[in-house]
Amino acid sequence: MPRSGNGQDMGLGNLADANLVFKRKYRWAFEVQGLARGDIPAHYVRLAARPNLQIEEAEINYLHGTDWIPGKGKWQTITVTYYDTNSQKMKPLWDWLASVYNLTDAVGLHQASTRSSYAGIGIIRLFDGCGTALEQWKLFSLWPQAMNFGELDYSSSETVDIELTLRYSAVEYFSQCGPPINPACGGCFGTSVGGPFTFTNFPLLPPSSLPLGAGLGSGQNLLYPPLAANNINYLNFGVIPPNSSTLGVTILKTS
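Oh and the sequence shown: position 241 is 241 in our numbering, straight run, nothing missing.
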């Protein structure tokens with residue numbers, strides 16, 4: 001195609017890729033699993049949200065200079081709204097709410113005390129137009145921090161809803177369509193490629209190079225010969241068991 005000038009291309013660029021898949025706000029499902037009184041299905045959820053993470057910052061000062069570095073991460077609450085129906089499949093939802101705060105007994109007002117009794121795992125899935133999963137979020141230790149049973153209005157034809165503010169402690173994200181995520185983790189031993197992972201029964205080569213039963217210092221290098229050609233080192237953080245020439249260790253692949 002002939003160009004009309006030498007400046008910045010002003011078209012859609014990569015957004016015009018014929019195989020590009022946009023994630024859409026209306027192709028998703030949210031369910032809660034692992035509850036003491038049964039799982040809550042996705043069918044009656046009206047509104048939901050993906051997780052929201054806030055990173056604390058630490059201020060660094062020296063002379064005239066100021067900088068900020070990232071600190072602890074805190075997952076913020078999300079709001080999930082359910083249609084309020086008479087379906088028997090809504091029972092696990094009401095059981096869950098009453099486990100956190102027993103609204104069926106105004107005198108007893110009992111509350112579950114163990115995490116296994118009041119918390120579950122929230123599952124958020126996004127789909128393409130063919131129903132294929134694009135991504136999945138797992139929200140662990142999920143429980144309702146606020147319950148809003150909604151206003152009533154004689155002049156409105158809208159449905160009655162239950163709005164929940166959900167608290168959770170940890171999140172795992174799974175990308176099921178698109179490039180793999182490979183976070184960098186820089187520290188005293190360089191920047192990792194792919195993060196920490198585990199080999200079991202990793203051979204000590206040669207076994208006699210280190211005394212059995214001795215502790216290996218953090219950062220001691222063991223070179224795995226089949227990978228030597230690629231200059232891949234493995235950092236050993238384990239302890240050699242007595243009378244053994246192999247070792248299950250946690251290792252860090254470094255560039």
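The beta carbon of each residue, even a glycine, is placed where N, CA and C say it ideally should be. Since we're looking at a predicted model, the values are computed, not measured.
Proximity of residue i and residue j at Cβ, strictly below 7 Å
i, j, result
"Thr81", "Asp161", "yes"
"Gln33", "Ile121", "yes"
"Tyr118", "Leu139", "no"
"Lys89", "Pro41", "yes"
"Leu142", "Leu166", "yes"
"Asp95", "Arg37", "yes"
Per-residue burial, residue i [other beta carbons within 10 Å of its own, 16 or more giving buried]
i, result
"Phe30", "buried"
"Val107", "exposed"
"Ser87", "exposed"
"Leu109", "exposed"
"Leu35", "buried"
"Ala18", "exposed"
"Ser99", "buried"
For residue j and residue i, the rounded distance between their alpha carbons
i, j, result
"Gly5", "Asn14", "19 Å"
"Val171", "Trp137", "7 Å"
"Gly7", "Glu158", "52 Å"
"Arg3", "Phe22", "28 Å"
"Trp28", "Leu93", "19 Å"
"Phe127", "Ile60", "43 Å"
"Gly129", "Gln76", "30 Å"
"Gly186", "Pro70", "13 Å"
"Gly11", "Leu134", "27 Å"
"Tyr83", "Ala49", "16 Å"
"Thr66", "Ala58", "11 Å"
"Asn182", "Phe174", "12 Å"
"His43", "Leu20", "28 Å"
"Asp261", "Gln176", "What the structure shows of the chain is the stretch from 1 to 255, and residue 261 is not part of that stretch, so it cannot be assessed."
"Ser116", "Leu97", "14 Å"
"Pro179", "Thr132", "16 Å"
"Trp68", "Met147", "37 Å"
"Thr85", "Glu56", "40 Å"
For residue i, the nearest candidate out of the options (CA to CA)
i, options, result
"Glu151", "Leu47, Leu20, Glu163", "Glu163"
"Gln54", "Thr66, Ile78, Asp95", "Ile78"
"Tyr101", "Tyr62, Tyr83, Gly65, Gln145", "Gln145"
"Asn52", "Phe149, His64, Lys74", "Lys74"
"Lys25", "Ala36, Leu47, Asp39", "Leu47"
Opposing strand residues paired with residue i [DSSP bridges]
i, result
"Lys138", "Ile123, Glu172"
"Arg167", "Trp143"
"Gln8", "The partner list for Gln8 (beta bridge, DSSP) is empty, contrary to what the question assumes."
"Pro70", "Glu57"
"Glu31", "Ile123"
"Asn52", "Gln76"
"Gly65", "Tyr62"
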